[in-house]
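Asker: Before I ask anything, let me first share the structure, which is written out below as structure tokens.
Numbering (my numbering), first residue to last: 88 to 331.
What follows is the structure in structure tokens.
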């Protein structure tokens, strides 16, 4: 059964390009909408797995964020993976969208191959979320992955440094160097996907990683407040889940 993808984009040329790229994969059923109202009406009729959403629409500079907020109010955000595709490319814009509930953020002009890769990753995430009879252990593991992903994204966008710098400066994750001298963060990477998360995660490293990210952000910057609150809550939840 094909995953359904909703495209919310008011620029007809960009919308057409996205639809063509998705259809070329022959993996998805695509629904295209050009305004917030049509998109919200569409999800009442057919619930998509993924929504590719622009933030700014004609007459509404925050339509994409309103879409996310509406999903949250209807308790649907855990069922639909939202990927933001926007010309707004500041760190504050990206962090705010992720904090609101988007799982990914791509800036325009976009690379079609990267977009398809992100959509595929999003459908995998939704499939994992929809596994029946979720256990408390699975929910805890999902929380670890989501928290680590947000913490790393927050730190990268706030500091401008890479994942390698995060591993090196935090002193929490090993850096591997292959024969060609290429560096990688294999252990850290395992904590960014549910399918690769170790059976016995290093909870202390996870908590310290979240704290490291919090320590490197500007707590007085209002645009970072939502992300900061989300990370603080995640830190407390992980600690609570692993002290029982």
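Where a beta carbon is used, it is the ideal one built from N, C-alpha and C, also for glycine.
No experiment lies behind these values; they were computed from the predicted model shown.
For residue 264, write down the residues that DSSP places opposite it in a beta bridge.
Answerer: 270
Asker: Between the beta-carbon of residue 203 and the beta-carbon of residue 190, is there less than 9 angstroms?
Answerer: no
Asker: Nearest by alpha-carbon distance to residue 101: which of 251, 311, 240 and 144 is it?
Answerer: Cα-wise, what sits closest to residue 101 is 144.
Asker: Taking all protein chains shown into account, decide if residue 304 is buried (16 or more other Cβ within 10 angstroms of its Cβ) or exposed.
Answerer: buried
Asker: Mapping the DSSP letters down to three states, classify residue 92 as helix, strand or coil.
Answerer: strand
Asker: Quick check on the DSSP output: the alpha helix (DSSP H) that includes residue 241 runs from which residue to which?
Answerer: Under the DSSP assignment, residue 241 falls in the alpha helix (DSSP H) whose first and last residues are 223 to 246.
Asker: Skipping 5 residues on each side, what residues in its chain have a beta carbon closer than 7 angstroms to that of residue 97?
Answerer: Closer than 7 angstroms at Cβ, skipping near neighbours: 121, 122, 141, 144 and 145.
Asker: Check whether the Cβ atoms of residue 241 and residue 163 lie closer than 9 angstroms to each other.
Answerer: no
Asker: May I ask which residues mark the beginning and end of the beta strand (DSSP E) holding residue 279?
Answerer: Looking at the DSSP string, residue 279 is not in any beta strand (DSSP E), and its letter there is neither H nor E.
Asker: Do residue 136 and residue 215 come within 9 angstroms of each other at the CB atom, strictly closer than that value?
Answerer: Not a contact, by the Cβ cut-off of 9 angstroms.
Asker: When the Cβ atoms of the stretch 149 to 160 are set against those of the stretch 107 to 116, are three or more pairs found closer than 8 angstroms?
Answerer: no
Asker: Just curious, the alpha helix (DSSP H) that residue 173 is in, first and last residue?
Answerer: Residue 173 -> not in any alpha helix (DSSP H); beta strand (DSSP E) instead, spanning 168 to 173.
Asker: The alpha helix (DSSP H) with residue 321 in it runs from where to where?
Answerer: 312 to 328
Asker: Nearest-angstrom Cα distance between residue 263 and residue 272?
Answerer: 6 angstroms
Asker: What residues match up with residue 194 in a beta bridge as DSSP calls it?
Answerer: 173
Asker: With distances taken between CB atoms, is the gap from residue 321 to residue 233 smaller than 9 angstroms?
Answerer: yes
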